[in-house]
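*Asks:* Here the protein sequences line up with chains Y and V, keeping their order.
Counting from 85, one number per residue, gives the positions in the first sequence under this note's numbering.
Counting from 2, one number per residue, gives the positions in the second sequence under this note's numbering.
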Amino acid sequence: EVQLVESGGGLIQPGGSLRLSCAASGFTFSNYRMHWVRQAPGKGLVWVSRINSDGISTNYADSVKGRFTISRDNAKNTLYLQLNSLKAEDTAVYYCARDMYSDFWSGLFDPWGQGTLVTVSS
Amino acid sequence: DIQMTQSPSSLSASVGDRVTITCRASQGISLSLAWYQQNPGKAPKLLLYAASRLESGVPSRFSGSGSGTDYTLTITSLQPEDFATYYCQQYYTLPLTFGPGTKVDIK
Chain Y
85 EVQLVESGGG LIQPGGSLRL SCAASGFTFS NYRMHWVRQA PGKGLVWVSR INSDGISTNY
145 ADSVKGRFTI SRDNAKNTLY LQLNSLKAED TAVYYCARDM YSDFWSGLFD PWGQGTLVTV
205 SS
Chain V
2 DIQMTQSPSS LSASVGDRVT ITCRASQGIS LSLAWYQQNP GKAPKLLLYA ASRLESGVPS
62 RFSGSGSGTD YTLTITSLQP EDFATYYCQQ YYTLPLTFGP GTKVDIK
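So this is what it looks like as structure tokens:
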């Protein structure tokens, strides 16, 4: 069974840093591109970042560019998101999601992890 | 960025009803349109992609159509587990963007 399990969320002060992890199992992690998507409380879904299978190519939403860094460790089957210079508006559930296909970028999210909540507040 | 809009933002329906949700992109997206279902407190789940292709395991009461900028999700004979929020998403270009969601609740 394909499974994605996020961790690392919590309460952090504005300006602080946090690293989220997403542990993958049930598939060949190194073959798949991966994404982070977030959802502020009671709000909609917002794509945050993506990374290709070898970790070389990355893309970010403008709202997080320069503050967040996506990375991966294929030996550990784990995806990361480093969150720096956090703002109140970064408060959200952060989901990791696998890109649907292994052969090419699709931009489709399937499946998703259960999410980890990041709360930025003093 | 491609802006996605959905209508209605919410609707009330009964079990067995037929429900239609509309999604519009700010520019043509060439069928690069997906639909997700999200139940409260849960992660979203992919239902359809390429505007009309059903993801494996998704019941056939879900269907999609559309082209260009305008797309539709239809649920025939609404079931209790279908009461959820539905999001459309374009994957035509970066940044990947979602519609604001349509909440389907029980009448």
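The beta carbon of each residue, even a glycine, is placed where N, CA and C say it ideally should be.
Show which residues of chain Y have a CB atom less than 7 Å away from the CB atom of V/G102.
*Replies:* Under the 7 Å cutoff, chain Y gives G128.
*Asks:* Are the CB atoms of Y/E85 and Y/G110 nearer to each other than 8 Å?
*Replies:* Against a cut-off of 8 Å, the Cβ pair of Y/G110 and Y/E85 comes out as a contact.
*Asks:* Which chain V residues are close to Y/W120, counting only those with a beta carbon under 7 Å from its beta carbon?
*Replies:* Result: empty, since nearest Cβ-Cβ is about 11 Å, beyond 7 Å.
*Asks:* Tell me which residues share the same chain as V/Q110 and place their Cβ nearer than 7 Å to its Cβ, disregarding the 5 neighbours each side in the sequence.
*Replies:* The requested residue 110 of chain V is not part of the displayed model; chain V covers only 2 to 108.
*Asks:* Going by DSSP, what residues sit across from V/V20 in a beta bridge?
*Replies:* Per DSSP, V/I76.
*Asks:* Counting only C-beta atoms, is Y/D174 closer than 8 Å to chain V at any point?
*Replies:* So, not an interface residue.
*Asks:* Could you pull out every unbroken beta strand (DSSP E) segment of at least 3 residues lying fully inside the segment 133–166 of chain Y, listed in chain order?
*Replies:* Those beta strand (DSSP E) runs which fall completely within the segment 133–166 of chain Y and span 3+ residues are 142–144 and 152–157.
*Asks:* Does the pairing of the segment 66–76 of chain V with the segment 143–161 of chain Y give three or more beta-carbon distances under 8 Å?
*Replies:* These segments do not touch.
*Asks:* Cβ of Y/G150 less than 8 Å from any chain V Cβ?
*Replies:* Taking Cβ atoms only, chain V never reaches closer than 8 Å to Y/G150, which makes this a no.
*Asks:* Contact check, Y/Y116 vs Y/S133 under 8 Å by CB: the rounded distance?
*Replies:* About 15 Å separates the two Cβ atoms, so there is no contact after all.
*Asks:* Quick one: residues in its chain with C-beta nearer than 7 Å to the C-beta of V/E56, no 5 flanking neighbours on either side, listed in chain order?
*Replies:* Taken in chain order, the residues that qualify are L47, L48, L49 and Y50.
*Asks:* What does the Cβ neighbour count give for Y/L88, buried or exposed, with the cut at 16 atoms within 10 Å?
*Replies:* Y/L88 comes out buried.
*Asks:* Check the DSSP bridge columns for V/D71 and list the partner residues they point to.
*Replies:* Per DSSP, V/R25 and V/S68.
*Asks:* Assuming contact is defined by CB atoms lying nearer than 8 Å, are V/D106 and V/S11 in contact in what I supplied?
*Replies:* Yes, Cβ-Cβ distance for V/D106 and V/S11 is below 8 Å.
*Asks:* Pull up the DSSP beta-bridge partners for V/D106, would you.
*Replies:* The partner list for V/D106 (beta bridge, DSSP) reads V/S13.
*Asks:* Residues bridged to V/K46 by DSSP?
*Replies:* Per DSSP, V/Q38.
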